[in-house]
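Colleague: In the UniProt record's numbering, the protein residues as written are 1 to 380. Don't be surprised by glycine CBs; every beta carbon is placed ideally from N, CA and C. All values reported here derive from a predicted model rather than from experimental measurement.
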Ligand SMILES: Nc1ncnc2c1ncn2[C@@H]1O[C@H](COP(=O)(O)OP(=O)(O)OP(=O)(O)O)[C@@H](O)[C@H]1O
Ligand SMILES: [Mg+2]
């Protein structure tokens, strides 16, 4: 709920916009185009956001994913116009909204913003909260549009209630309805799911994406949760220390992480070094020869592999074997920490996932194979 005057001011700024409806788009042209966007806060040693590049299509849902402090919110605030970039260029729907010589104020950018705490006005009903989003519209049109968006988010029956009479998920849908009401070109959402418990979070991921898809709204969503990012987005932007690490669709990003950071940030993985074989399809490592999903174009002999735990399949006479050190039960699967034997008589500690129905205890010997599809060559 709204608890700070700053928020209120920001919100007023966006809402004073008189919308002309969604941008029709030009075929073949990026809808949002961000080039070399940089923010260097005064006295900071490094930029909070360093030469951020991104191009999106209209209707695309993008998430910015990364650890705390990596520059996600700062990027979002620069796109919205609340934070002045140090350098770089932003265009929306073919119109430059920021470059080194010019900066369009937030209320003129056609952007709807959903804040992390939803920023609903506690003294206004749900209907009035949404109508507030329509600033200078005529009263009749405001009422009609409010009815329409409340229907869209499935909250028509709550129009006369106050925010405190709604659940967290319902409040979030009100915030989304309010942001969508003026038919913005772009919706920006900062950690929209972080206040919700696990069950509701999953439901809201589904509902929010449905609503964004139905309205063909381009959205940039900030999250530090990999599951949120994978569930809602067409493409994910992984950031670390202000720098974009990789931009890719969830499946591609998980299977082919570009570097160790991305591989380790997107779930558990085993990082193992080795030497590339002459056939360019295998890597000699401490634990034995590991097969790649396809011939690599890597130019170096010394390479790093990311091997996903779910790619290590327990079998009776597998190529690799080791002793189970620890079993962690998660409900959906068992995570095994295994001391895998190396050729030199030592061992390499690895993580494997095993189906829950398999009885496995610490101290037990296991053998396994590695599915090449879940092996990736990564950069340092
Ligand atoms: N107004 C500011 N003045 C100075 N430094 C700032 C300011 N706002 C953010 N920073 C710094 O910029 C960096 C990026 O902050 P940002 O809020 O964008 O991170 P974030 O990725 O959104 O993190 P979180 O997941 O914790 O919300 C941090 O080091 C932060 O301390
Ligand atoms: Mg943040």
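Keeping to the same chain, check which residues put their C-beta closer than 8 Å to that of residue 316; ignore five residues upstream and five downstream.
Modeller: Correct list, in chain order: 367.
Colleague: Around ligand 2, what residues have a beta-carbon under 7 Å from a heavy atom of it, in chain order?
Modeller: After applying the 7 Å Cβ criterion, the set is 72, 73, 190, 191 and 222.
Colleague: Can you tell me the Cα-Cα spacing of residue 387 and residue 325, whole angstroms?
Modeller: Because residue 387 is not part of the residues shown, which for the chain are 1 to 380, the question remains open.
Colleague: Could you tell me the boundaries of the beta strand (DSSP E) in which residue 376 lies?
Modeller: Segment 375 to 378, the beta strand (DSSP E) holding residue 376.
Colleague: Does the Cβ-Cβ distance between residue 257 and residue 269 come in under 9 Å?
Modeller: Yes; because the gap between Cβ atoms is below 9 Å, this pair is in contact.
Colleague: What residues in its chain sit with their C-beta under 7 Å from that of residue 259, if we drop five residues either side in the sequence?
Modeller: If we look at residue 259 and ignore the five residues flanking it on each side, its Cβ neighbours are 245, 378, 379 and 380.
Colleague: Quick one: is residue 77 buried, meaning 16 or more other Cβ sit within 10 Å of its Cβ, or exposed?
Modeller: Counting Cβ neighbours within 10 Å, residue 77 comes out buried, since at least 16 surround it.
Colleague: Starting from residue 212, follow the alpha helix (DSSP H) in both directions and report where the run begins and ends.
Modeller: 198 to 214 is the extent of the alpha helix (DSSP H) around residue 212.
Colleague: Excluding sequence positions up to five away, which residues of its chain have a Cβ less than 6 Å from the Cβ of residue 30?
Modeller: Answer for residue 30: 55, listed in chain order.
Colleague: Residue 88 to residue 266, Cα distance in whole Å?
Modeller: About 29 Å.
Colleague: Among the candidates 106, 74, 337 and 215, whose CA atom is the shortest distance from the CA of residue 149?
Modeller: Closest option to residue 149, Cα to Cα, is 215.
Colleague: Once you ignore the five residues that flank residue 158 on each side, which residues in its own chain have a CB closer than 7 Å to its CB?
Modeller: Taken in chain order, the residues that qualify are 126, 166 and 170.
Colleague: Below 6 Å CB to CB, which residues in the same chain sit around residue 46 once its five sequence neighbours on both sides are set aside?
Modeller: Within the same chain, residue 46 has no close Cβ partners at all.
Colleague: Taking 8 Å as the cut-off, is the C-beta of residue 44 nearer than that to any heavy atom in ligand 1?
Modeller: At least one heavy atom of ligand 1 is nearer than 8 Å to the Cβ of residue 44, so yes.
Colleague: Under DSSP, the beta strand (DSSP E) around residue 368 begins and ends at which residues?
Modeller: Its beta strand (DSSP E) spans residues 365 to 370.
Colleague: Thinking C-beta only, is residue 222 closer than 9 Å to residue 73?
Modeller: Result yes, Cβ atoms of residue 73 and residue 222 sit closer than 9 Å.
Colleague: Please report whether the beta-carbon of residue 251 lies at a distance below 9 Å from any beta-carbon of chain D.
Modeller: Absent from the structure: chain D. Only one protein chain is present.
Colleague: To which residues of the same chain is residue 219 closer than 6 Å at the C-beta, ignoring the five residues directly before and after it?
Modeller: For residue 219, where only same-chain residues beyond five positions count, the Cβ hits under 6 Å are 61, 187 and 212.
Colleague: What is the C-beta distance between residue 235 and residue 247, in whole angstroms, given that I count them as a contact (C-beta under 8 Å)?
Modeller: 6 Å between Cβ atoms; contact.
Colleague: Look up residue 55 in the DSSP assignment and give the residues it is bridged to.
Modeller: According to DSSP, which records beta bridges pairwise, residue 55 is partnered with 33.
Colleague: Please classify residue 159: does DSSP put it in a helix, a strand, or coil?
Modeller: In the structure shown, residue 159 sits in coil (DSSP, three-state: anything other than H, G, I, E or B).
Colleague: When the Cβ atoms of the segment 137 to 146 are set against those of the segment 97 to 109, are three or more pairs found closer than 8 Å?
Modeller: The segment 137 to 146, when compared against the segment 97 to 109, does not touch it at the 8 Å Cβ threshold.
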